[in-house]
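Here's the structure we're looking at; comments come further down.
Chains as they are written, first to last, in the numbering used here: chain Y, 12 to 114; chain A, 75 to 991.
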């Protein structure tokens, strides 16, 4: 893994676990992911999973990672992801109108 | 009419159509209309056959408008040719017609699957009988669609078991399920459903709008039609204006134009207040940090935001991350990051996120340590002194903050108070860790009395915290031995042996302790004490293996020489000969021993002149140096021996193993015999399973100072290989952290040579293998480059006080007028006359430096960058400059002519012309 990948990789996301996951959860997630992506099927994904596990297996590094996850340079639009704006029910008409007008 | 038929027969459909039109105009009878429609059908078929489907569709549409009464006739043509038909009624009428063929039914099904825009149309179609399955399915689908778009729907509401996968309504069924998942925020399931909607259907357009509402993908949103975009925005709660303003702000930050950035900030804050006021605090914090990273004046950003950002834990964490990301190798910035982390810590404790002395505090202190341990100690001390002398860097940040935030901020310690010693102590108190104790001990390991006392204090604390660990005992033994407190040292060894006698360090501890004591007594010229040391060593079982008895004989030889017993000395020398197999090896061992004792026995050891046979010296040296390294004897290679070794290694050394080559390289580097070291690494690198990391590091140390770029690259590759081979010693040495703490965190946010990828390391290794001769270099530019490494002094690094002046208010007018030219690089290379060159620089050297700046100084590079570039890409010129510099230096000190020749050997450029170094 080169430096750029190392910097941007979110090991929690790679293993599909939360930031507060404990050692057992990390290990279980690692084993599950390795089963899903064995090295002979997808070597690149396997390497990513292994690197993520190598980072998170040490509780201290895991804690540091969870404290400092996120990238201060990521686009400001990602702020909107935290928002979860309400999804509006509009009834069928606007959907059907959009379909009719687009034709 | 016969003529029309004739033209049709001849395949001239266009002429036939013209004739049929004329005939219908003239007679206007049903027969003429039927003929015209038939000719049109032939014409459309011909167009379709030629691939002109758009023209055929347009013609068909025109016909339907002109001859509505003939819709069924036209439908047959449409169905036959696969032309889309918008007229659902006609399609259904044809479908229920008993004469409708099976392939026509299939075409009608496909058409409905592709074009149905409202399931209610099919449910209410009068053409279909009430019992027709499509009518039933469409009615259920219309109900489900209304339900799912009007409010929360259950799984039963969207199950639609009556619609099979082969039904023309199947795409609508998938869409309805996707909508249900969307409103339940089951995003993954929703995306999975959307992936199953066929692309060539009408519902695919709704699916694309739904996908954008889900993912907020800005590019995909731009590709939607305005109506679909509006739908996506409305259902997804999309903050159109705010989102647009943020996108614009991101783009302006990327452009790095202060005026535009400030305007974009004002716009984004306004949009946020209008559409999403709950996000204003976070937005201001992000903008503050991004503005800081761009080097824009803090007050200017504050004005644009209409107020300060909140200085809570989130802000300090973000600022620490950003500063660390931009700090590169800048020592001062790294120390400042520690202070930012401290502000984060105190604010997080205030907010209740951390416990006062919880694991998070330990993690933060560890990070501060990592950052500071990557700085050389002398430089770190200077940085601490400099920061202590100045005012607090961040007090001003709390000026307009609420009292509780200000109060917490006052508790934060300044960077100069967060020294590694304190951090080690706090970490060990909060969460005792043997590894941290080890690093702490090595930090104090020094020659000075004060350092020794601190190191002993740490080792004792380490021992108290981990009484079953032998490492603190061995450390205490080393300290005691260095002070000459032999009994005390032996006491620690005994304790260690009781704990773990099989530990590798403990097993050799007595041997190394007695060896060190013996050498000290040898230096002090105390043969009577030396004899006792030798007896103690002789009693150790570990001294009987390998070549170690030869070392005992060497000590006895030294003892005999010291007491003037030449006969006994000769006897022991013969024993060494027998054990090591050659007088050349004996001589080197005795020379090394003599050198350790300050040359006290030099005249005696050189009494005999061993035969330095061609081909045998390297073998002998390898054996003697391996023994010296094994017993902890500091190695030294004399000049005479170096010449013989260089001679041997310049040819093909017979059967010299990798360990011996490594020992020679190590000894050569330690003795400053760089050419010899280089040759040994060249041979070592050719061996299979060679320790590449170690050899590359040794080679890096053999290179002359001007080749620092190559040396840096070699170190980077050495680190990569040492990591792979788990070679801790090489790793520590290459990272410059011998025994001290090695950063586990710093790699995460800085791109330094410490994280070179394997492919590049292998590439470097391949090139180095080819460079067999000292100062040899391939006649090509380096294939790898570190140009993309973040530069600590780049304008991107905008820390107040040592950044650039980007964003000053005074520049506002200038920026507005010349904004398009902002940040353009100056193409003028700095001339050598701009450099702070010393007075009296030789003309030859000045000319060469001018040439270097002409060739490599374009784009406003600094002198350091020019030298780096030249070192990488122009080894000829590098060698010329190095040679000219050394010649001028040699002249200053009356060194013999040809000084540089001797240094460079055959590769030295002659008369200003390089012989391809």
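Heads up, the beta-carbon is just placed ideally off N, CA and C, and yes, glycines get one too.
CB contact check: residue i to chain Y, cutoff 7 Å
| i | result |
| --- | --- |
| residue 219/A | yes |
| residue 721/A | no |
| residue 321/A | yes |
| residue 433/A | yes |
| residue 26/A | In the structure as shown, chain A starts at 75 and stops at 991, and residue 26/A therefore has no counterpart that could be examined. |
| residue 225/A | yes |
| residue 409/A | no |
| residue 276/A | yes |
| residue 43/A | Look at the range of chain A in this structure, 75 to 991, and you will see that residue 43/A is not part of it. |
Proximal chain Y residues relative to residue i, where beta-carbon distance stays under 8 Å
| i | result |
| --- | --- |
| residue 257/A | 98 and 100 |
| residue 793/A | Residues of chain Y passing the Cβ test: none, with the nearest at roughly 12 Å. |
| residue 324/A | 86, 87 and 88 |
| residue 749/A | Those do not exist, as residue 749/A stays about 34 Å from chain Y at its closest Cβ, beyond 8 Å. |
| residue 391/A | 78 and 79 |
| residue 317/A | 88 and 91 |
7 Å Cβ cut-off: residues of chain Y touching residue i
| i | result |
| --- | --- |
| residue 192/A | 107 |
| residue 395/A | 79 and 83 |
Closer than 7 Å to chain A by CB, residue i
| i | result |
| --- | --- |
| residue 112/Y | yes |
| residue 31/Y | no |
| residue 57/Y | no |
| residue 22/Y | no |
| residue 37/Y | no |
| residue 13/Y | Note that residue 13/Y has pLDDT 38, beneath the 50 cutoff, so the model's placement of it is unreliable and the number below is only indicative. At least one chain A Cβ lies under 7 Å of residue 13/Y. |
Interface residues of chain Y facing residue i [CB-CB closer than 9 Å]
| i | result |
| --- | --- |
| residue 360/A | 83, 87 and 90 |
| residue 399/A | 18, 82, 83 and 84 |
| residue 656/A | The premise fails here: residue 656/A is roughly 48 Å from chain Y at the closest Cβ pair, so nothing lies under 9 Å. |
Beta carbon of residue i nearer than 7 Å to that of residue j
| i | j | result |
| --- | --- | --- |
| residue 654/A | residue 697/A | yes |
| residue 199/A | residue 166/A | yes |
| residue 692/A | residue 730/A | yes |
| residue 107/Y | residue 192/A | yes |
| residue 214/A | residue 250/A | no |
| residue 67/Y | residue 22/Y | yes |
| residue 428/A | residue 437/A | no |
| residue 570/A | residue 543/A | no |
| residue 283/A | residue 268/A | no |
| residue 231/A | residue 221/A | yes |
| residue 489/A | residue 410/A | yes |
| residue 714/A | residue 767/A | no |
Residue i at chain B interface by Cβ criterion, 7 Å
| i | result |
| --- | --- |
| residue 743/A | Included in the structure are the protein chains Y and A, with no chain B among them. |
Contact belief for residue i with residue j at Cβ below 8 Å, rounded distance in angstroms
| i | j | result |
| --- | --- | --- |
| residue 101/Y | residue 279/A | Incorrect: roughly 16 Å between the Cβ atoms, too far for contact. |
| residue 78/Y | residue 434/A | 6 Å |
| residue 405/A | residue 467/A | With 8 Å as the limit, residue 405/A and residue 467/A do not qualify as a contact, their Cβ atoms being about 15 Å apart. |
| residue 399/A | residue 366/A | Their Cβ separation, rounded to whole angstroms, is 11 Å, which puts residue 399/A and residue 366/A out of contact at 8 Å. |
| residue 252/A | residue 281/A | 7 Å |
**Q.** Contact set between the segment 65 to 77 of chain Y and chain A, restricted to residues whose Cβ is under 7 Å from the partner
**A.** If the cut-off is 7 Å between Cβ atoms, the segment 65 to 77 of chain Y has 71, 72, 74 and 75 near chain A.
Q.
Please list, in chain order, the residues of the segment 41 to 52 of chain Y that have any C-beta partner in chain A closer than 9 Å.
A. none
**Q.** Interface positions of the segment 278 to 311 of chain A facing chain Y (Cβ-Cβ less than 8 Å), listed along the chain
**A.** 279, 280, 283, 287, 290, 292, 299, 301, 302, 304, 305, 308, 309, 310 and 311
Q: Give the residues from the segment 535 to 564 of chain A that approach chain Y closer than 9 Å (Cβ to any Cβ), ordered along the chain.
A: If the cut-off is 9 Å between Cβ atoms, the segment 535 to 564 of chain A has nothing near chain Y.
**Q.** Contact set between the segment 428 to 461 of chain A and chain Y, restricted to residues whose Cβ is under 8 Å from the partner
**A.** 433, 434, 436, 437, 438, 440 and 441
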